[in-house]
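Positions 620 to 1436 (our numbering) are the ones given, in order, by the sequence shown.
All residues carry an ideal CB built from backbone N, CA and C; glycine is no exception.
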Amino acid sequence: MRPLLLHLDHFGSFRDPVTVDFSDTDYFALVGPTGAGKSTIIDAVCFALYGTVPRWGREGAVAHALAPSVAAGKVAMVFDSDGRRYGVVRAMVRDAKGAVRTKEARLDELDPAAPLEQAFEAVVKPLAEGEGVTPEAQRVTGLEYRFFTQCVVLPQGRFAEFLHAAPRERQDLLVQLLDADVYELIRQRAAREEESARQEASFARDQLAKLSGASEEAERELAERMEALRRLSDAIGADLDLLRAREGDIRRAEQERAAVAERQAVLARLAMPEAVPTLASARRAAAEAVETLAREVATLEADEHEAFEALAALGDRGAPRAELAALDARERLAADAARTRAEAEAAVAGLAGLAAAAETAEQAAGAAEERRERLRDAHAAAHLVHRLAVGEPCPVCHHPVAELPLHRSPADMRTADRALAQAREQAQRARAAHAKAETSASLLARQAEGLESQLAALPAPGDRAELEARLAEIAKADAVAGEARAAVRAARGRLQRARDYAGQVEHQTASAWQALESARDRLLVSGGRLDPVQEESSGDAPPPLVRDDLHRAWEELLAWRDRAAEAARAALAARERQLADARDRLAADRRRLAERLAEHGVVPPRDASPDQLGAAVAGALARAESDLDRLREERRRAADLEQRVAMKEHEAKVAHELALRLRANAFERWLCAEALAVLVATASETLRELSDGQYELALADRTGDIEVIDHAEAGLRRSARTLSGGETFQAALALALALSGAVAKSLDSIFLDEGFGTLDPATLDTVATTLERLAAGQDRMIGLVTHVPALAERVPVRFEVSRDGKGSHVRKSGIAL
């Protein structure tokens, strides 16, 4: 897995959208002060692929992906793996309760030919969404989450401990780093497999015990029974045909008996309708009633015509009604005109009093105003007297004042103002009343004049008594005509009911004839085949119908019915005897065949038909074949169960032995020793390359400690504890790469998230040289997370990470090589 483009939007400490381009970078460093957000970039790579970050403390946790003040964020990454290009996107959101959850997750295969900045738009095919993204990311990178956190972010510090650890501590560390505890899981699985195999073997033995009857002798007996049933099936065809012939005889006898019984039933159901004897007299009475009522209706219709002609001769009642209405309207108009004229004259008569009242109110208002003016002058004089001085000119007459005048305190001015206001208000009301009365008197006068003009324009009135007498005469003629019409309608109703009754009688007569014809036709259809003597005694056919007398025709047919019924009873007895004989013959043949079938163990149903008997034989044969097949299958199954018992007992024994071997403590020591030997051998090759052939690693024969072979000292073997700081880093890195290669052989990128601040300059130089050689000699991306300037300056590409009040920021820079 090699990252090419990483996009962060409100992820961790990065509050603004940031894009980090790794596409043209093989060896780079993430630099910046502590807490700037360098490790957050590595976290984003891990989160994009697996949806969680190791240093968040719990696998699957996403709460730290967003800052407390951020509501949503996103991480997107373009990466290459195994020659293909992929794009992964994860979006987070904070819900209403403040919890952070993954809103969107998807993984797509991208077109590698598309420009990198447009990579997410060049989707070749979608691979996974939602919870399926993490398993799919593990598949395309070849790395599970736990191995990614061991191989991509190398645990160098732990391997430095590994170099110097005692054998027991090294064994515990190997068990942890190499997941050697899986063998304990294998031991537990082996114990479960042993128990499961023993249970399956026991179950198979129980099933085998249930098949104890599946023997060769039982198979032979079933085969012999099947052959006997097959011969029986081939031989009973003639017997079944005979039974079918017997059943055919019975069916024909039953059909003939049913035909005779049906004829007898038809004869028994034949009966004369109750109304037939009285239908003739009823028809005559109904016809006479219709004729009488028709004459009555004609007479009443003539009376109705005469009454309506007399009513028409009197003329329309609309004209006298209109004249009466006009006379009423004239009288109302005259009354309205007289009343309005009287009201107008009364209004004019009252105007003089209202004018006098208005004049009186005006005079009272003038007097109140004059009193108020005098009082105001008195108040002014009283106010002025205090300013006069004897000998000084008077401000009013300009003459010298001989002596000061004496004025009493005048009345209150407000009382005079209220009196004046009341007088003016009364005068206003009096004027308004007079004006209103004048307007009303004028309006009433005009209304009276208008009504009098309308009255004068009306035509001369008619005679009310004459008009009312004429209307009374018309009303009487109308009542007579109405009574005549009602009488005609009643007579017509009686005539219609008489005609309906006559129709019913005719319908009953027709129905009686139709019933007679239908009964005779049914007798003809149900004639059946009687014996010759019985047919001769009963007559060839029912008698012909005589259309002139319904009652006589019915009586002739009923007489013939009695003769035919006697013949049908004799024929029915003969058919009963024939049917009993046929049934006895069938029962004897069926009994003989049933005894033959019983000899072969075939028990058919009682009174079985030939088809049922054949089916019983075929069923017995099929059951015998099925029993034989089942027995043979049980024998095959018993053989399989015997093999399964042996196989499961063997599997239980093997699982038991494996559990015993894995339970011993020596296995863990042996496994760790073998793993340590492989790791040291692989790391030795890497260390030889990193140190220009000076150092190799080896295991001490007795103690099992890791030793260093120094070729610069003629192959001297010494403890790894004697290495300098830079040499220790080289050895630890070689061991880390050995473990990475064992877990992910196609690893395309590694990140060293390790503090280098405690290294001295010489050791730091060795570390830098080692990393430069590793970057130059391996086709993989190497990234450092460091805040040591001396180390960062030797890295060709740097991503400078800074942080301010708005969050973290990143800037790409480099040095000339």
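Judging by CA-CA distance, which residue of the options is the nearest neighbour of residue i?
i, options, result
"Gly937", "Glu1087, Ser1137 and His629", "Glu1087"
"Leu1169", "Gly654, Glu1136 and Glu910", "Glu1136"
"Ala1079", "Glu740, Arg709, Val759 and Arg949", "Arg949"
"Cys1291", "Gly706, Ala680, Thr721 and Tyr802", "Tyr802"
"Ala710", "Glu1185, Trp675, Glu748 and Pro731", "Glu748"
"Lys722", "Pro731, Gly692 and Val742", "Gly692"
"Leu735", "Glu881, Val697 and Leu746", "Val697"
"Arg634", "Thr671, Ala684 and Gly651", "Ala684"
"Thr1305", "Val1297, Ala718 and Glu1315", "Glu1315"
"Pro622", "Asp701, Pro687 and Gly1433", "Asp701"
"Ala1274", "Arg806, Ala690, Arg765 and Val707", "Arg806"
"Ala810", "Ala1030, Leu1279 and Ala1064", "Leu1279"
"Arg817", "Ala1075, Lys1272 and Glu740", "Lys1272"
"Leu1191", "Ala1387, Ala878, Glu812 and Gly651", "Ala878"
"Ser1061", "Ala966, Thr1385 and Pro1229", "Ala966"
"His1126", "Leu1090, Lys1267, Leu898 and Asp730", "Leu898"
"Ser688", "Arg713, Arg1242 and Arg703", "Arg713"
What residues in its chain sit with their C-beta under 6 angstroms from that of residue i, if we drop five residues either side in the sequence?
i, result
"His626", "Thr638 and Ala695"
"Leu912", "Arg1113, Leu1114 and Ala1117"
"Arg1148", "Because the pLDDT of Arg1148 is 44, which lies under 50, any placement of that residue in the model is unreliable, and the number read from its coordinates should be weighed accordingly. Counting only Cβ-Cβ distances below 6 angstroms, and skipping sequence neighbours, we find nothing."
"Ala1239", "Leu848 and Val1221"
"Gly631", "Thr659"
"Pro636", "Asp628"
"His1428", "Ser1421"
"Ser1157", "Unreliable placement is indicated for Ser1157, whose pLDDT of 48 sits below 50; no coordinate value is reported for it."
"Leu1074", "Leu952, Ala953 and Ala956"
"Ala1331", "Gln1313"
"Ala1232", "For the record, residue 1232 in the displayed sequence is Leu; it is not Ala. The residues are Pro1223."
Confirm, please, whether the CB-CB distance from residue j to residue i is below 7 angstroms.
i, j, result
"Leu1198", "Arg876", "yes"
"Val1264", "Arg850", "no"
"Ile869", "Arg1202", "yes"
"Leu1023", "Leu1007", "yes"
"Ala1046", "Glu992", "no"
"Leu886", "Ala1138", "no"
"Ala680", "Thr671", "yes"
"Ala1100", "Ala957", "no"
"Ala724", "Val752", "yes"
"Val909", "Ala1121", "yes"
"Ala1296", "Leu1354", "no"
"Trp1179", "Met891", "no"
"Ala655", "Val707", "no"
"Leu1260", "Gln826", "yes"
"Ala1067", "Leu970", "no"
"Leu1063", "Ala963", "yes"
"Ile661", "Asp1372", "yes"
"Asp1246", "Leu830", "no"
"Ala1351", "Leu1298", "no"
"Val1404", "Leu746", "no"
"Ala983", "Ala1030", "no"
"Gly1402", "Val1416", "no"
Going along the chain, which residues of its own chain have a beta-carbon closer than 7 angstroms to the beta-carbon of residue i, five neighbours each way excluded?
i, result
"Arg990", "Ala1035"
"Asp1367", "Met620, Arg621, Arg1399 and Met1400"
"Ala1387", "Leu1410 and Arg1413"
Beta-carbon within less than 8 angstroms of residue i's beta-carbon, same chain only, minus the 5 sequence neighbours each way: which residues are those?
i, result
"Lys744", "Asp727 and Glu728"
"Asp1324", "Pro786, Leu1318, Ser1338 and Ala1339"
"Ala872", "Arg1194, Gln1197, Leu1198 and Ala1201"
"Pro1380", "Ala1409"
"Ala1096", "Ala926, Ala929, Leu930 and Leu933"
"Glu1244", "Met845"
"Leu1090", "Arg936, Pro939, Arg940 and Leu943"
"Gln883", "Ala1184, Ala1187, Arg1188 and Leu1191"
**Prompt:** Is there contact between the segment 907 to 924 and the segment 1102 to 1112, where contact requires at least three CB pairs shorter than 8 angstroms?
**Reply:** By the criterion of at least three beta-carbon pairs nearer than 8 angstroms, the segment 907 to 924 is in contact with the segment 1102 to 1112.
**Prompt:** Of all the alpha helix (DSSP H) runs that stay within the bounds of the segment 732 to 756, which reach a length of 4 or more residues?
**Reply:** None, since the segment 732 to 756 contains no complete alpha helix (DSSP H) of that length.
**Prompt:** Are there three or more Cβ pairs, one per stretch, closer than 8 angstroms when the segment 1251 to 1258 is compared with the segment 852 to 868?
**Reply:** The segment 1251 to 1258 vs the segment 852 to 868: no contact.
**contact_flag[the segment 640 to 652, the segment 752 to 759] where n(CB pairs < 8 angstroms) is 3 or more** = Verdict: no, contact absent.
**Message:** Tell me whether the segment 1048 to 1063 and the segment 972 to 980 touch, counting them as touching only if at least three CB pairs, one residue from each stretch, are closer than 8 angstroms.
**Reply:** Here the segment 1048 to 1063 lies against the segment 972 to 980, with 3 or more beta-carbon pairs under 8 angstroms apart.
**Item:** Any alpha helix (DSSP H) of 4 or more consecutive residues that is wholly inside the segment 1296 to 1362
**Value:** Counting whole runs of 4 or more residues, the segment 1296 to 1362 contains the alpha helix (DSSP H) stretches 1344 to 1362.
**Asked** If you scan the segment 627 to 671 from start to end, which runs of the alpha helix (DSSP H) of 4 or more residues do you find wholly inside it?
**Response** The qualifying runs are 657 to 669.
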